[in-house]
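In mature numbering (1 follows the signal peptide of the UniProt record, and there is no 0), the protein residues as written are -28 to -1, 1 to 369.
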Amino acid sequence: MLGSNLETVLVRVMASLGLMLAACSSNGNDSAGVTDGASSSSTDASETDAQTTTDTTVTPPTSTSGESASETGTTTTTTAPTSTTDATTEPVDPSETTTTTDPTATTTDATTTTTTDGTTTTDGTTTTTDGTTDTSSTTDQPPDCVPTEDVEVSCDNIDNDCDSNVDNIDVGNDGICDCLNIGILGDVGYAPSADFQAWLEDQGSAVTRTKLLNNPGVVTPAFLANYDLVLIDRIERALSADEAAALEAFVKDDGRGMITLIGYNFDNNNPAPERDRANSALAPFGLAYEGAYFGNGVIPTFDPVHPISMGISDVNFAGGIQPVDVENQGTSEVFATVQAANAGIAHQTDMEGGRVVVWGDEWITFDSDWQGYADVQQFWVNMVGWAKPKDFCGAPQ
C-alpha cells in the first residue's frame, strides 16, 4: 500500500513538472509568430539573410495514472501535456532588410550624376530641371585649322594659312591660280609666232601639250590624273570611245574642268572634219558644234553678268562655229553671241560635277594677235577661273 501511494505521488509530481515546463515554454515565446508593425527587409549586396528556424521542445512523455481506490471506488486518470512543438519561422527581419533610395546619391562615375531633386549633371554639360537651364561645355575642342604657313605658298590641296581658301596662290596677281596643272590636247593653229602655252606658264600654271596625231589611245584616266583642267585645242583626230569615256569621268566624276576651241579651218573651208573631231570630246556631255563657219569680221556680244563674260567686250573672233547644247544633260548658259547665234556656252554638269566651257573660235589662243583687243587676257582669266575645279585654288564651293 505504501508503495502504491508513493507511486501515485511520483506520477503527480511528474505531471506537475510537465505542466510547469509547458507554461514556461509558452511564456518564453510571447513574441513568436508576432510581426512587428514596422516591416523591413534588408538586402546586403549579394547576400540575403533570410533564415527559417524550427525549435522543437519536447516535454516528458505523457503519463497516465490509473489509480484505483477500492476504499472510495474512484478511478482517476491524469493526462499531462505530453509535448510542445515550438515552430518559429523567422522571416527576413524588416529592420535588417532595408532598401533605401537616397534621393541625392545615384551616381555614374565620371560621367553622369542623377539626383531626384531635379538636377541632372553630365560632365561637360549641366542641365538643371528646376526651371533653370545652364548649358556649358568644358571640353577643349581643337581649332578647325592650325596655320602652317603665314601666307599660302604650297600647292598641296591644304588651307595652310587658314584663310578658308585652299591653294589660293597667285604670285604675279594675274588672276590665274599658280597651283593649276593644265593639259593642252592637240596641235597649235595657223599663227606661227603665237606661243599660248608660254603665256599660260607665265601666269604661274604648269602646262603640258600632248599631240594626238599618231598617238592613239593616249587619253586615259591615268593620263588625265595629271591635270586639273584640259584645253581641247586643234586635235588632229577624233577621240576613241575609251578616250571620250575617260574625259567624261575626268569632268563629271572627278570634278575637273575642260575648255574647247574650234575654227582652225585646216580642211579647205570644210567645217565638218574639225567639227566632228571636236564633237568626239563634247558628245559625252550632250554638247556639240553645229553649222558652218561664221566668217570673218564678226564681233561677239557678251552677257555682262555671267562670271565668264563679266567686264568683257573686246575680244578677237574670226571664223568659228556655233556651240549648242543638244541633250540638256546638265545646265548650260550662253554667255556670248555672234550674228544672233551662240558664241560661247558655259556648261555645269549634273550632280555638281565639273564644268565645260565651249567657245566658238580659236583666235584667242593666238597671243601674237591680241594687240588691239583689250579684254582677251582677262577673258582667259575668267574662263579658267570658272572652269577650274571647285575644291581648290580659292574657297571650296
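Where a beta carbon is used, it is the ideal one built from N, C-alpha and C, also for glycine.
1) Can the beta-carbon of A170 be found closer than 7 Å to that of S340?
2) Does N237 come out as helix, strand or coil in the three-state DSSP assignment?
3) Return the CA-CA distance between G269 and G291, expressed in angstroms with no decimal places.
4) On the CB-based measure, 16 or more other CB atoms within 10 Å of its CB, does L219 come out buried or exposed?
5) Note down, in chain order, each residue of its chain lying with its Cβ closer than 6 Å to the Cβ of V328, except the 5 sequence neighbours on either side.
6) Tell me whether F257 sits in a helix, a strand or coil according to DSSP, three-state version.
7) Determine contact between the segment 291 to 302 and the segment 196 to 207, defined as no fewer than three beta-carbon pairs at a distance below 8 Å.
8) So who's on the other strand from H319, going by DSSP bridges?
9) Rounded to whole angstroms, what is the Cα-Cα separation between R181 and C117?
10) Could I get the ranges of all uninterrupted beta strand (DSSP E) runs contained in the segment 132 to 205, with 3 residues as the minimum, in chain order?
11) Do the segment 278 to 291 and the segment 343 to 363 meet, that is, are 3 or more Cβ pairs less than 8 Å apart?
12) According to DSSP, is E262 part of a helix, a strand, or is it coil?
13) Around the C-beta of N187, are 16 or more other C-beta atoms found within 10 angstroms, so that it is buried, or is it exposed?
14) Under 7 Å Cβ to Cβ from E246, same chain only, skipping five residues before and after it: list those, please.
15) Report the residue from A367, A216, P361, Q349 whose alpha carbon sits nearest the alpha carbon of F168.
16) By the three-class DSSP mapping on this structure, what secondary structure does D225 have?
17) Any idea which residues DSSP pairs I231 with across the strands?
18) What is the DSSP secondary structure of D363, counted as helix, strand or coil?
19) In chain order, what residues of the same chain have a beta carbon less than 7 Å from the beta carbon of T7, not counting five sequence neighbours either side?
20) Rounded C-beta distance between V190 and I156? I'm assuming under 8 Å.
21) Quick check: the Cα distance between S285 and P272, rounded to an integer number of angstroms?
22) Closest to N242 by CA distance: which of D225, E262, L254 is it?
23) Hey, would you say P361 sits closer than 7 Å to G147, going by beta carbons?
24) DSSP three-state call for A77: helix, strand or coil?
25) Express the C-alpha separation of W331 and V223 in angstroms, rounding to a whole number.
26) Which value, in whole angstroms, describes the spacing of the CA atoms of A197 and M323?
27) So the candidates are I130, L259, N288, A244; which of them puts its Cα closest to the Cα of F338?
28) Taking the straight line between their C-alpha atoms, what separation do you get for P114 and E173?
29) Do you know offhand how far Q311's Cα is from P295's?
30) Measure how close the beta-carbons of A308 and S136 come, nearest whole angstrom, since I'm counting them as under 8 Å.
31) So is Q175 buried or exposed if we call it buried at 16+ other beta carbons inside 10 Å?
32) Take the Cβ of D248 as the centre, count every other Cβ of all protein chains shown within 10 Å, and call the residue buried at 16 or more, exposed below.
33) Who are the Cβ neighbours of A216 in its own chain at under 7 Å, not counting the five residues just before and after it?
34) Going by Cα to Cα distance, which pick from Y199, L184, F274, D214 is closest to T192?
35) From the DSSP output, in three-state form, read off T337 for me.
Result, derived from the coordinates:
1) no
2) Residue state, collapsed to three classes: coil.
3) 8 Å
4) L219 counts as buried, since no fewer than 16 other beta carbons sit within 10 angstroms of its beta carbon.
5) Once the five neighbours on either side are set aside, the close Cβ partners of V328 are M230, F257, H319.
6) helix
7) no
8) S304, V328
9) One C-alpha to the other measures close to 37 Å.
10) Runs of the beta strand (DSSP E) inside the segment 132 to 205: 153 to 157, 178 to 182, 201 to 204.
11) Cβ pair count under 8 Å is three or more, so yes.
12) strand
13) exposed
14) I234, Y236, F238, D239
15) Q349
16) In the structure shown, D225 sits in coil (DSSP, three-state: anything other than H, G, I, E or B).
17) L203, V329
18) coil
19) Low per-residue confidence applies at T7: pLDDT is 40, beneath 50, and the placement is therefore not dependable, though the value from the model is reported in the following sentence. Same-chain partners within the cutoff: there are none.
20) Wrong, their Cβ atoms sit about 13 Å apart, outside the cutoff.
21) 8 Å
22) E262
23) no
24) Note that A77 scores 41 on pLDDT, short of 50, meaning its location in the model is unreliable; the coordinates nonetheless yield the value given after this. Coil, per DSSP.
25) 17 Å
26) 20 Å
27) N288
28) Since pLDDT at P114 reaches only 46, below the 50 mark, its modelled position is unreliable, and the value read off the structure follows with that caveat. For P114 and E173, the distance between alpha carbons rounds to 39 Å.
29) Annotation: Q311 to P295 spans about 13 Å, alpha carbon to alpha carbon.
30) Contact flag wrong, Cβ pair sits at about 32 Å.
31) buried
32) exposed
33) Contacts found: S252, A253, A255, P256.
34) Residue D214 is the option with its Cα nearest to T192.
35) helix
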